[in-house]
Structures are given as structure tokens and as C-alpha cells.
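Chemist: A single structure is presented below for examination.
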Amino acid sequence: MEEKNSYFKSSNPIKGVYGDFIVTSNDKKEVLFYRLSILFCGLFFSIGIAQWFFNGSHQIWIWLLCMSISIGFSLKWIHIYLRPLHQTLIIFWAVGCIGLLILSYHFGVTNLMYGLRENPKSILLIGPLFASLTGIGFKEFFCFRRMEAIGITILIPIALIGYLTELANESFTFATLVVASLLLLSMGIRKFNLPAEADIGDKSVFDYLESQRKLKVSDA
Numbered sequence: 010m011e012e013k014n015s016y017f018k019s020s021n022p023i024k025g026v027y028g029d030f031i032v033t034s035n036d037k038k039e040v041l042f043y044r045l046s047i048l049f050c051g052l053f054f055s056i057g058i059a060q061w062f063f064n065g066s067h068q069i070w071i072w073l074l075c076m077s078i079s080i081g082f083s084l085k086w087i088h089i090y091l092r093p094l095h096q097t098l099i100i101f102w103a104v105g106c107i108g109l110l111i112l113s114y115h116f117g118v119t120n121l122m123y124g125l126r127e128n129p130k131s132i133l134l135i136g137p138l139f140a141s142l143t144g145i146g147f148k149e150f151f152c153f154r155r156m157e158a159i160g161i162t163i164l165i166p167i168a169l170i171g172y173l174t175e176l177a178n179e180s181f182t183f184a185t186l187v188v189a190s191l192l193l194l195s196m197g198i199r200k201f202n203l204p205a206e207a208d209i210g211d212k213s214v215f216d217y218l219e220s221q222r223k224l225k226v227s228d229a
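Take 10 as the starting number for the sequence shown in our numbering and just add one per residue.
Below is the structure:
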């Protein structure tokens with residue numbers, strides 16, 4: 010039993026930039042939830058793309074909804090040093106979710122992809138949702154230099170911006186999203202090979218930035 014729960018044991022003191030810190034059991038649980046959210050996001054993305062290819066796009070709204078939920082949970086448990094950047098990604102996610110609801114109401118959930126095909130500019134409504142996912146990919150590349158992360162960071166914007174500006178046709182957009190979905194799924198799987206401490210980062214930096222923020226608020 011002790012060995013089984015060793016993953017969730019608090020770490021030994023770790024030397025950080027602004028002092029020693031400990032990665033607690035709760036920290037490790039948050040990391041596990043974050044990694045599961047990323048994994049499920051990649052899984053839903055890939056299943057949605059596969060269903061689109063084999064059975065058409067009528068039920069793709071289900072996988073978009075599941076992706077949106079997964080991205081939201083990822084942003085809840087992600088560790089980003091810069092609080093404004095984290096908040097910006099959450100805002101993008103919220104705006105994108107609202108946009109998805111608007112599109113679903115306007116075109117109907119089963120005709121969602123048909124509406125996007127007929128009016129490429131409507132991609133602007135759900136663009137922020139994928140922008141938040143791109144932000145997660147950028148964070149993963151910046152921290153771990155994983156090639157699948159930079160693939161997500163580059164390919165998703167290329168696909169959506171290309172389709173929005175009509176510089177890319179539907180086949181190119183679809184192929185790019187296929188590659189992006191597989192890269193995201195691969196990234197989600199490979200993250201479980203990393204120690205939990207890797208996703209936590211330097212907690213002393215978080216503590217220092219939080220203390221500075223509170224100091225500015227008290228001085229205001």
C-alpha cells in the first residue's frame with residue numbers, strides 16, 4: 010500500500026530560486042488531474058476528427074463540448090508562473106465556450122460544421138477556445154521542449170487562420186487538424202513519464218510573485 014501511494018507522498022525539500030519548497034500530496038494530485046485533462050482533450054479531439062472523416066460532422070458537437078470541458082479543467086490545474094497570462098488563457102477559454110454556444114444556437118448542434126463551412130468568418134467565435142489550447146501547448150513547449158507541443162502551438166493557429174482567411178482549403182485545414190490532434194494525444198500520453206515535480210515547477214517563484222502581488226495591492 011505504501012509503495013502504491015508513493016506517487017502522492019510529499020517530496021523532500023527542493024532548492025528553488027527564492028528558497029526551499031516542498032511539493033505536497035495535494036500538488037501531485039493537481040498534476041495528475043492536469044495530465045488527465047490533457048490526455049482526455051487529445052482523446053476527444055482525435056475521436057472527433059475520426060468521426061468527422063468516417064461518419065460526417067453531425068455529431069462532432071459532442072466532442073467539441075468534451076474538448077471544451079477538458080481544456081477548462083486543464084486551465085484550472087495548470088501551473089503558470091505569470092498570473093496575468095493564466096487569467097488571459099481562462100478568458101480566451103470562456104469567450105470561446107460562449108462562441109460555441111452561440112454557433113450551436115444559430116446553426117443547430119448537428120449543423121455546426123456546416124455553418125462553419127458556409128461562413129468561415131464564424132470561426133472567430135470559437136477561435137478563442139483553440140487559442141487557450143494553443144497557450145497550453147506553448148507552455149508545455151517552453152517548459153519541456155517537447156516537439157509535439159510546438160506542433161500544437163503552430164498547427165492549430167495555421168489551420169484556423171488559414172481557414173478564416175480562406176488561404177487554406179478545407180482539405181488542408183482538415184489534414185492539419187488531424188496532425189494537431191494526434192500530437193496533442195501523444196503529448197498527453199507522454200506527460201505521464203515525467204515526475205510530478207516537473208509540472209509543478211519552482212514553487213518558490215510562485216510564492217515570491219504572489220507576495221509581490223499582495224504587496225502591490227496593499228500599497229494601492
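No residue lacks a Cβ here, since even glycine has one placed at the ideal position from N, Cα and C. Quick caveat: nothing in here was measured; it's all calculated off a predicted structure.
Can you give the beta carbon distance from Ser79 to Phe53, rounded, assuming they're within the 8 angstroms contact cut?
Modeler: Translated into positions along the sequence shown, residue 79 becomes position 70. Translated into positions along the sequence shown, residue 53 becomes position 44. Yes, Ser79 and Phe53 are in contact; Cβ-Cβ is about 6 angstroms, under 8 angstroms.
Chemist: Just tell me which of Tyr43, Ile23, Leu218, Gly124 has its CA closest to the CA of Lys200.
Modeler: Locating residue 200 in the sequence shown gives position 191, counting from the first residue. The residue with the shortest Cα to Cα distance from Lys200 is Tyr43.
Chemist: Gly65 by DSSP, collapsed to three states: which one?
Modeler: Here the question's residue 65 lines up with position 56 in the sequence shown. DSSP places Gly65 in coil when its eight states are reduced to three.
Chemist: Report the three-state DSSP secondary structure of Lys212 (helix, strand or coil).
Modeler: The residue given as residue 212 occupies position 203 in the sequence shown. Lys212 falls in the helix class under three-state DSSP.
Chemist: Provide the residue span of the beta strand (DSSP E) that contains Lys24, from first to last.
Modeler: For the purposes of this step, residue 24 is taken as residue 15 along the sequence shown, with counting starting at 1. 23-25 is the extent of the beta strand (DSSP E) around Lys24.
Chemist: Closest to Leu121 by C-alpha separation, out of Leu94, Gln68, Ala184, Tyr27, would be which residue?
Modeler: Taking the sequence shown and counting its residues from 1, the one referred to as residue 121 is at position 112. Leu121 has its Cα closest to that of Gln68, out of Leu94, Gln68, Ala184, Tyr27.
Chemist: Could you please give the first and the last residue of the uninterrupted beta strand (DSSP E) stretch that includes Gly28?
Modeler: As a first step, residue 28 must be located in the sequence shown, where it is residue number 19. Looking at the DSSP string, the run of the beta strand (DSSP E) that includes Gly28 is 28-30.
Chemist: Please confirm whether Trp86 and Glu39 have their CB atoms less than 7 angstroms apart.
Modeler: Walking along the sequence shown from the start, residue 86 turns up at place 77. Walking along the sequence shown from the start, residue 39 turns up at place 30. It is a contact, given that the beta carbons lie within the stated cut-off.
Chemist: Taking one C-beta from the stretch 171-181 and one from the stretch 141-148 each time, how about it: are there three or more such pairs within less than 8 angstroms?
Modeler: Verdict: no, contact absent.
Chemist: Just to confirm, is the Cβ distance from Leu134 to Ile111 under 7 angstroms?
Modeler: Taking the first residue of the sequence shown as 1, we reach residue 134 at position 125. Taking the first residue of the sequence shown as 1, we reach residue 111 at position 102. For Leu134 and Ile111, yes; Cβs fall inside 7 angstroms.
Chemist: Output the residue ranges of the alpha helix (DSSP H) runs that lie fully inside the stretch 130-160 and measure 4 residues or longer, sorted by chain position.
Modeler: Correct list: 132-153.
Chemist: Just mark Ala140 as buried or exposed, buried being the case when its beta carbon has 16 or more other beta carbons within 10 Å.
Modeler: Position 131 of the sequence shown holds residue 140. Classification for Ala140: buried.
Chemist: So the alpha helix (DSSP H) Ile99 belongs to, where does it begin and stop?
Modeler: Here residue 99 corresponds to residue number 90 of the sequence shown, with the count starting at 1. Looking at the DSSP string, the run of the alpha helix (DSSP H) that includes Ile99 is 92-116.
Chemist: Pick helix, strand or coil for Pro166, following the three-state DSSP scheme.
Modeler: Numbered from 1 along the sequence shown, position 157 holds the residue referred to as residue 166. Correct three-state label for Pro166: helix.
Chemist: Express the C-alpha separation of Lys223 and Val188 in angstroms, rounding to a whole number.
Modeler: In the sequence shown, residue 188 corresponds to position 179, counting from 1. In the sequence shown, residue 223 corresponds to position 214, counting from 1. Cα to Cα, the separation comes out at about 43 angstroms.
Chemist: On a Cα-Cα basis, can you pick out the residue from Pro129, Ser195, Tyr123 that is closest to Leu149?
Modeler: As a first step, residue 149 is located in the sequence shown; it is residue number 140 there, counting from the start. In the sequence on display, residue 149 carries Glu and not Leu. Of Pro129, Ser195, Tyr123, the residue nearest in Cα terms is Ser195.
Chemist: Excluding five sequence neighbours on each side, which residues of the same chain lie with their C-beta closer than 6 angstroms to the C-beta of Gly272?
Modeler: Residue numbering for the chain in the displayed model covers 10 to 229; residue 272 lies beyond these limits and cannot be assessed.
Chemist: Using the three-state DSSP reduction, which class does Asn128 fall into: helix, strand or coil?
Modeler: Position 119 of the sequence shown, counted from the first residue, corresponds to residue 128. Coil, per DSSP.
Chemist: At the level of alpha carbons, what is the spacing between Gly210 and Asn64?
Modeler: Here the question's residue 210 lines up with position 201 in the sequence shown. Here the question's residue 64 lines up with position 55 in the sequence shown. If you take the alpha carbons of Gly210 and Asn64, they lie about 42 angstroms apart.
Chemist: Among Cys75, Phe30, Glu206, Ser34, which residue has its Cα nearest to the Cα of Ile47?
Modeler: Taking the sequence shown and counting its residues from 1, the one referred to as residue 47 is at position 38. Selected option, being the one with the closest Cα: Cys75.
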